[in-house]
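Novice:
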Amino acid sequence: MRSLARSIWIVLVGGSIGFTSCIDPFDAETGEFVSAIVIDATITNENEHQTVYLSRTYKFEEEGPEAVSGAQVTIVENGTNTIIFTEMEDGEYRSQQPFAAQPGSSYVLNVQTAEGNFYESQSASLPDAVALESVYADRITSDLGKDGIAIFVDSFDASGNSPNFRYEFQETYKIIAPQWNAFDLLSTGIECGVDIIPKTVQNQICFASNVSNDIILANTASLDENRVQRFMVRFMDRSNYIISHRYSIEVTQYTQSDEAAAYFSALDQFSSTESIFSESQPGFLVGNVFSREDTDEKVLGYFDVSAVDRQRIFFNYSDFFEGEDLPPYVNPCRTIAPMLISQGGARCILSALVDAGQVSYFDVNADPPFEEGPYLVVPRECGDCTVLGSNETPDFWSE
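Sequence positions in the sequence shown follow this note's numbering and run 1081 to 1479.
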């Protein structure tokens, strides 16, 4: 779960806020930047190695957050049982043993950085679990008038005790190189020559995956019953090439406490494009993790204990657009026939493109005119799907 870390990227000096407060308008200048630790931790009722992410905020001009390495991370269950985490990658800490959050238990996150700074969360408990009843796709026209495929979820809690839900998804889709050929070109290194050779790697069919970046929240507190019905978590325009062949999505539902739901709702508003420079822009979003030693230190992030459920579905483009044209590919895939050597013999042309990995072989250019070469080629991704994905079929994939 990295939506929290992706959403928190800048801290501004000024007052801290609760979930509904705001501060005065500001100038987003580099001089106002304050480096702060970001603690991103969600543990669930799934028996697995749980993960905690530690990073620091970063400026507009920086590429991304700096991982916090060398920390000691533990979670204390019911004040007695200490669960130890080990750093697997920079800033990523995983529990040494798999465990599942238990109903009726309390959990406290503790972090000690390599510099000796101590951070501790407020106690958090597991909310009542709510089953994710169904995930399904439907062809709709969006509010913006776009024809496409929407992914919906339904869930129901008869007890009415858990009205707060957060959703994440991971989507995986099949890619078929539209102008694939079983042969490729190899530069000979001699007088700008190239040879046609059989391909030794399967690069016609690939798979690629994306994870959700947005904070997707649902709340049923104002409804007559605790039912999430036809709630849309994803929409894809019919022109999106990722649905061209076969598509799969796994949706994860997190049942959250009222406190966690309030935090993520405020974070969603904080990180939205519309509010980043608005007059109600918050200067600092208070979570539930604090410095033990310095009450004035800015600490970002949240320690969440959630009940989780997930479902995966598959569909083909033809299930919703039978007999209709496929979406346009990521590249128009126009064929060209570069000369082997430039006019005057100053430089190689085709072999340079081959060596740079910019083109794929498509066909022989029979009887080429003077300004063309003997082979037709296309942009590499048009004949080699590994540019866009992996040629290994995922273990969960089903046709």
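For each residue, glycine too, the CB sits at the ideal point set by N, CA and C. Since the model is a prediction, treat every value here as computed from it, not as a measurement.
#1: Taking the beta carbon of R1414 as the centre, do at least 16 other beta carbons fall within 10 Å, making it buried, or is it exposed?
#2: Would DSSP call Q1282 helix, strand or coil?
#3: Name the residue from S1440, L1303, M1316 whose alpha carbon lies nearest to the alpha carbon of D1223.
#4: Is it true that the segment 1112-1132 meets the segment 1370-1384, where meeting means three or more beta-carbon pairs spaced less than 8 Å apart?
#5: In angstroms with no decimal places, state the Cα-to-Cα distance between R1174 and G1144.
#6: Please list the terminal residues of the continuous beta strand (DSSP E) segment that includes E1248.
#7: Between I1323, P1207, F1400, which has its C-alpha nearest S1239's C-alpha?
#8: Between the segment 1452-1459 and the segment 1424-1441, are three or more C-beta pairs nearer than 8 Å?
#9: Could you check where the alpha helix (DSSP H) with Q1309 kicks off and where it finishes?
#10: Under the DSSP definition of a beta bridge, which residues are partnered with L1462?
#11: Using only the alpha-carbon positions, how far apart do S1470 and L1265 sit?
#12: Under 8 Å Cβ to Cβ from D1170, same chain only, skipping five residues before and after it: list those, please.
#13: When the Cα atoms are used, what is the spatial distance from S1422 to D1435?
#14: Considering V1434, what are the terminal residues of the alpha helix (DSSP H) in which it resides?
#15: Quick one: residues in its chain with C-beta nearer than 6 Å to the C-beta of I1256, no 5 flanking neighbours on either side, listed in chain order?
#16: Within the continuous beta strand (DSSP E) that includes Y1173, where are the two ends?
#17: According to DSSP, simplified to helix, strand and coil, what is E1339?
#18: Assuming P1480 contacts L1433 under a Cβ cut-off of 8 Å, what Cβ separation, rounded to an integer in Å, is found between them?
#19: Would the beta-carbon of S1205 fall within 8 Å of that of T1335?
#20: Where do the ends of the beta strand (DSSP E) carrying M1052 lie?
#21: Suppose contacts are defined by Cβ-Cβ distances below 8 Å. Is F1344 in contact with L1420 by that definition?
#22: So what does D1120 bridge to, in DSSP terms?
#23: Applying the criterion that 16 or more other CB atoms from any shown protein chain within 10 Å of the CB defines a buried residue, is P1071 buried or exposed?
#24: Taking the straight line between their C-alpha atoms, what separation do you get for V1191 and P1183?
#25: Rounded to a whole number of angstroms, what is the C-alpha to C-alpha distance between Q1526 and W1477?
#26: To the nearest angstrom, how far is it from the Cα of A1209 to the Cα of D1237?
#27: Span of the beta strand (DSSP E) holding Y1187?
#28: Measuring alpha carbon to alpha carbon, tell me which of R1318, V1215, N1299 ends up nearest G1225.
#29: In the DSSP assignment, what are the bridge partners of A1204?
#30: Is the CB-CB distance between S1185 and E1157 below 8 Å?
#31: Exposed or buried, which one is G1269 when buried takes at least 16 other CB atoms within 10 Å?
Specialist: Short version:
#1: exposed
#2: coil
#3: M1316
#4: yes
#5: 22 Å
#6: 1244-1256
#7: P1207
#8: yes
#9: Element bounds for Q1309: not the alpha helix (DSSP H) but the beta strand (DSSP E), 1307-1317.
#10: Note on identity: in this sequence residue 1462 is Cys, with Leu being the wrong assignment. Note: C1462 sits in no beta bridge, so no partner.
#11: 21 Å
#12: A1147, S1149
#13: 16 Å
#14: 1430-1435
#15: I1285, H1325
#16: 1172-1175
#17: helix
#18: Past the boundaries of the shown model lies residue 1480; the chain is included only from 1081 to 1479, so the question cannot be answered.
#19: no
#20: Any property of residue 1052 remains undetermined from this structure, which presents the chain solely from 1081 to 1479.
#21: no
#22: Y1133, Y1382
#23: Coverage of the chain is limited to positions 1081 through 1479, which leaves residue 1071 absent and any answer about it impossible.
#24: 24 Å
#25: Look at the range of the chain in this structure, 1081 to 1479, and you will see that residue 1526 is not part of it.
#26: 8 Å
#27: 1186-1192
#28: R1318
#29: Y1187
#30: yes
#31: exposed
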